[in-house]
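Numbering (our numbering), first residue to last: 998 to 1041.
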């Protein structure tokens, strides 16, 4: 595997060690689930 890009999610309200899952929507948006039951749509 090759790392293509790295994001700092802290600027979008997601704290360290809070991410529990990632998903790409059909429109290409990146969604993140948190260990606190929240969903975030990230700007990449």
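Don't be surprised by glycine CBs; every beta carbon is placed ideally from N, CA and C.
These numbers were taken from a predicted model, which means no experiment stands behind them.
Using the Cα positions of residue i and residue j, report the straight-line distance between them to the nearest angstrom.
| i | j | result |
| --- | --- | --- |
| residue 1022 | residue 1038 | 10 Å |
| residue 1019 | residue 999 | 18 Å |
| residue 1030 | residue 1015 | 8 Å |
| residue 1010 | residue 1001 | 22 Å |
| residue 1035 | residue 1012 | 12 Å |
Whose C-alpha, out of the options, is nearest the C-alpha of residue i?
| i | options | result |
| --- | --- | --- |
| residue 1025 | 1007, 1005, 1041 and 1034 | 1041 |
CB residue i to CB residue j, shorter than 7 Å?
| i | j | result |
| --- | --- | --- |
| residue 1032 | residue 1017 | yes |
Would you say residue i touches the ligand FAD, meaning its beta carbon is less than 6 Å from a heavy atom?
| i | result |
| --- | --- |
| residue 1032 | Questions concerning the ligand FAD fall outside what the structure shown contains, since it holds no ligand whatsoever. |
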